[in-house]
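Right, one structure below, let's go through it.
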Amino acid sequence: MSNSGFGGQIPIEISSLTGLVMLDLTSSSLFQASTLKLENPNLTTLVHNLSNLRVLYLDGVDLSAAGSEWCKALSSSLHNLRALSLSGCSLSGPLDSSLAKLPNLSEIRLDSNNFSSPVPKEFADFPNLTSLHLSNSRLFGEFPQRIFQVSTLQTLDLSLNMLLQGSIPDSQFNGSLQVLLLRNTNFSGELPNSIGYYKNLTRLDLTSCNFGGSIPNSIQKLTQLTYMDLSSNRFVGPIPSLSLLKNLTVLNLAHNRLNGSMLSTKWEELSNLVNLDLRNNSLAGNVPLSIFHLPAIQKIQLCNNQFNGSLNELSNVSSFLLDTLTLESNRLEGPFPSSFFELRGLKILSLSFNNFTGKLNLDMFKQLKNITRLELSSNSLSVETESTNSSSTFPQMTTLKLASCKLKKFPDFLKTQSLLNSLDLSDNELQGKVPLWIWGLRTVSQLNLSCNSLAAFEGSPNDLSSRLYLLDLHSNVFEGPLSVFPPSASYLDFSNNSFTSVIPPAVGNYLASTVFLSLSRNSFEGSIPESICNATSLQVLDLSSNNLSGMFPQCLTQRTDNLVVLNLRGNALNGSIPNTFPVTCSLRTLDLSVNNIEGKVPKSLSNCRQLEVLDLGNNQIQDVFPCPLKNISTLRVLVLRSNKFHGKFGCHEINGTWKSLQIVDISRNNFNGSISGKCIVKWKAMVNEEDYSKSRANHLRFNFFKFSSVNYQDTVTITSKGLDVELQKILTVYTSIDFSCNSFDGQIPIEVGQLRALYVLNLSHNSLSGEIPSSIGNLSQLGSLDLSSNRLSGTIPSQLAKLSFLGVLNLSYNLLVGMIPNGPQIQTFSPDSFAGNPGLCGAPLAKECKTTTHSTSDTRFSESSSAADADWQFIFIGVGFGVGAAAVVAPLMFLDVARKWSDETVDKIILVILPLMGYMYLTSSERKIEAEEDDDSEDEDYIAVVGYENEGSEERSAEFEGPYCVFCSKLDIHRKKVIHDPRCTCVPSPSPSSSHSTFL
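Going by my numbering, the letters in the sequence shown line up with residues 84 to 1083, in that order.
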């Protein structure tokens, strides 16, 4: 009685049929207006007397029963039940383990219900289970792996349970499994090698899970497979050989991270293959030409990979079955393959974003009678349209994309296209006027004429198609007032033209369905019309870089419950920002920079809890640091540059961390006080290093069409190398701190060294003092460092020289001293990077470092920069000689006579040797005389040893008394007088308390 059109309540009389073995009351909405229901009597009453029932099919019947009710009703009455199908019965959970009391159950179908519970582990106890269908039932938790090991199980369908977790066990059980469907679940892990033991598997669907790792080679043992879909996972590595899967009809490995080539498989062996989909991977090498010769192939989708080489050798491909060929976004080259024109059944041909070359006449495509979608954009092709006058014979298409094809005129065959939905002629050489007939294409919903040299419209485009929802005219040379507003357009881009006059006062009345509107980079003037606030569907409004003036429209802040991007930068707006942002504010980007806005930052802006980009730079705002915004945890870009902000930086009393903050620019204001290290280390986006290779394509952008690649790219102006640079695309890994041109004082916080992901650091033109913290050497990603025009002192830390990634360095105009440290990068910078530091020396400066002697009593001898450091070898020789001599004469020191004799002997020996090495020595008798004259009356003998510099200049003798600066002095040939070099600068003799060596 299935699908018989019955509706309403199932009669109670059925429960009297006690001998009933099979009951099928399946109800489908496709075959009847109303559905069956089981309310009074309920399921418990219906089955109470049907103890002989073996098959129960109630699919589509409204049971509306809770898990404990319907599970126990079945398990207590239907002990002989073998097949149970209750799909789409409005059942709720949880699934009750009492179902396990039905030992004869072999088929369980419970799809499309709302169980909201885990799968009971008792389901693995059904000894005869062959089929288990639980798809789309809101299951969650961990799926019991024991169910995979049920030896009789043939079909397992868990698809469309996004919260259901689990993995495929690495075991050799269950060779009976034929169908495994896990599509859109949260199953994860790697595919085990043991998957090759499922030798009876015919259908494997793991789409949109979280599987990773490589695809095991054992998968080639699944020789019975007819359908394999592993798309939208995280599989890596090469595609294993699939040559043995001769029964395969569908192979889908799209949207993974696979690499390598396709050559491991002998594709000609897969004679049953119908659909091959390898899109969105990193596959490379040549496209195997054998796939075009497969007898059953209908769809080949290889787009968004890195395939290279030419397809010009392809021939004899007169297949009429192949209807879809997508090769866009690869690295294919060479002439356009003429063999493609032999594919007479082709409906979709997409070759955009490759490097095909040569001339191509559109008339050639008349041979493809079934073509409906043709995409040739962004190659190196020159597409000709001169001979396309026979427009009536051209195939009727739905999509035509000829961007960057060097088109010089609008193709004539377009006039007769009655099914055309999407037309892209952007980035060509079209000039003059847009033809009037183009607005007569009533089926066109997407029209892109951007990046040409179009200047006007032919006639007055008043009767615009109501189906046109995307119109892109940006980057042309349109002039005059703007009057083209399709009635149902969702996307309107008129930016980067020469439109003048005012924005139409009633513009908001034309934008009832508009989601995106950009009038930026034109010459509109006057005020922003209040009617713009009537466009309640607007999510992106970009009026930047015009000549708009007047007050900031208050209604724009009041209507931000739907508005996501508001960009008014580069105008002449004045007044203050209204303090009317609602608690439902949805703004992600607010750019009001380069205007004349005054007043304060409104406190209600903190209601915009999804804000990511805030740019108020280059205005006249007078306020303290906007601490209320600290509550916006999503903020990534904060630009307050060139205003009149003042006071301290930071908000110690406000909760919030700005953990996502990656660009901070508060330069050219009047901030003062110290820079808080505790504040900046809370910016986790600058502390945590990201893998650039994974984030290089990750920009700050807003995708406002859910199923489209069209999105809004955020921009921001930063200072780099002393110039203002506009970042058109903001990478999420780009990090920058600019505190320049303020009045900050104190030291650079040592915590700055924890910002390991920082790329730009600019603290120039402040009053910072102290030393440069060596912790800056931890910033391995740092590409630009500007500390110029401060009062930094001390030496340049050697750790700074190890920053090999540094491309910009400016330490000029500080109080730095000492030698510039050596490193792989630092010597390559211009001397201007170190100018204004008189105490600096060494490359790249022309000033060489000279050796000097430090005479302060608290300076350690080992750290002295005097020339004595350069002559340690002589000191060690002297010390060694002295120790050796002392060892010889020590026993004699206890006798006065022997002591006197030993003193004279040692004096004679030392007087011969030390002066030859540039040192002076006082004899024992001379030391006694000097000791008597000394006020300290110390008995300890000493010698002041200091190195010297002698360039062989002409010597002039003179006598000195006391310990001499022997860098400039030595004895004459008779060893009696001291000779002093007059061109040598002598440092005053240190006191005996200084750290010097003394020879005894």
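Glycine included, C-beta positions come from ideal geometry on N, C-alpha and C. Treat the numbers as computed from the prediction; the structure is a model and nothing was measured.
Check	Outcome
Which residues DSSP lists as bridging serine 659, in chain order	Glu681
Presumed contact (8 Å Cβ cut-off) between leucine 243 and asparagine 219, rounded CB distance	4 Å
Own chain, CB closer than 6 Å to lysine 765, minus 5 neighbours either side, in chain order	Thr740
As assigned by DSSP and simplified to three states, the class of proline 418	strand
Three-state secondary structure assigned by DSSP to glutamine 232	helix
Counted within 10 angstroms of its Cβ, other Cβ atoms place proline 709 as buried (16 or more) or exposed	buried
Residue interval of the beta strand (DSSP E) (run including leucine 898)	898-902
Where proline 494 falls, given that 16 or more other Cβ within 10 Å makes a residue buried	buried
Alanine 780 burial status per 10 Å Cβ neighbour count (16 or more: buried)	Confidence at alanine 780 is low in this model, with a pLDDT of 43, below 50, so its placement is unreliable and no value can be given for it.
Serine 571 to leucine 483 span [Cα, whole Å]	22 Å
Serine 99 burial status per 10 Å Cβ neighbour count (16 or more: buried)	exposed
Secondary structure of methionine 447, DSSP reduced to three states	helix
Among Leu188, Asp179, Phe577, His216, the one whose alpha carbon lies nearest that of valine 194	Residue identity differs from the one stated: residue 194 is aspartate in this sequence, not valine. It is His216.
Beta-carbon gap between asparagine 592 and serine 614 smaller than 8 Å	yes
Asparagine 579 versus Gly756, Ser573, Asn535, Gly609, residue with shortest Cα-Cα distance	Asn535
Reference serine 465; option with closest CA among Asp510, Thr476, Ala618, Leu506	Asp510
Cβ-Cβ distance between asparagine 893 and serine 871 below 8 Å	yes
Lysine 742 in three-state terms, based on DSSP	coil
C-alpha gap between asparagine 920 and valine 677, whole angstroms	36 Å
Of the residues Ser189, Thr476, Asn645, Leu508, the one placed nearest threonine 499, counting alpha carbons only	Thr476
Glycine 296 versus aspartate 644: straight-line alpha-carbon distance, rounded	43 Å
Member of Asn364, Pro711, Trp350 whose CA lies at the smallest distance from the CA of leucine 341	Asn364
Ordered list of beta strand (DSSP E) runs contained in the region 167-214, each at least 3 residues	190-192
Limits of the unbroken alpha helix (DSSP H) element including threonine 127	126-130
contact_flag[the region 272-281, the region 244-264] where n(CB pairs < 8 Å) is 3 or more	yes
For cysteine 172, the nearest candidate out of Trp153, Val623, Ser863, Asn845 (CA to CA)	Trp153
Whole-angstrom C-beta distance between asparagine 726 and asparagine 752, which should lie under 8 Å	6 Å
Beta bridge counterpart(s) of valine 747 as assigned by DSSP	Leu721, Ile820
In DSSP terms, what valine 623 is bridged to	Phe599, Val648
Three-state secondary structure assigned by DSSP to isoleucine 431	strand
Proximity below 8 Å, CB of alanine 337 to CB of asparagine 355	no
Reduced DSSP secondary structure (H/G/I, E/B, other) of glutamine 1102	The requested residue 1102 is not part of the displayed model; the chain covers only 84 to 1083.
Cβ distance (whole Å) where arginine 724 is taken to contact glycine 756 below 8 Å	That belief does not hold up - the Cβ atoms of arginine 724 and glycine 756 are roughly 18 Å apart, past 8 Å.
Cross-strand partners of threonine 482 (DSSP beta bridge)	Arg456, Ser505
Bounding residues of the beta strand (DSSP E) (the contiguous stretch that carries cysteine 924)	922-924
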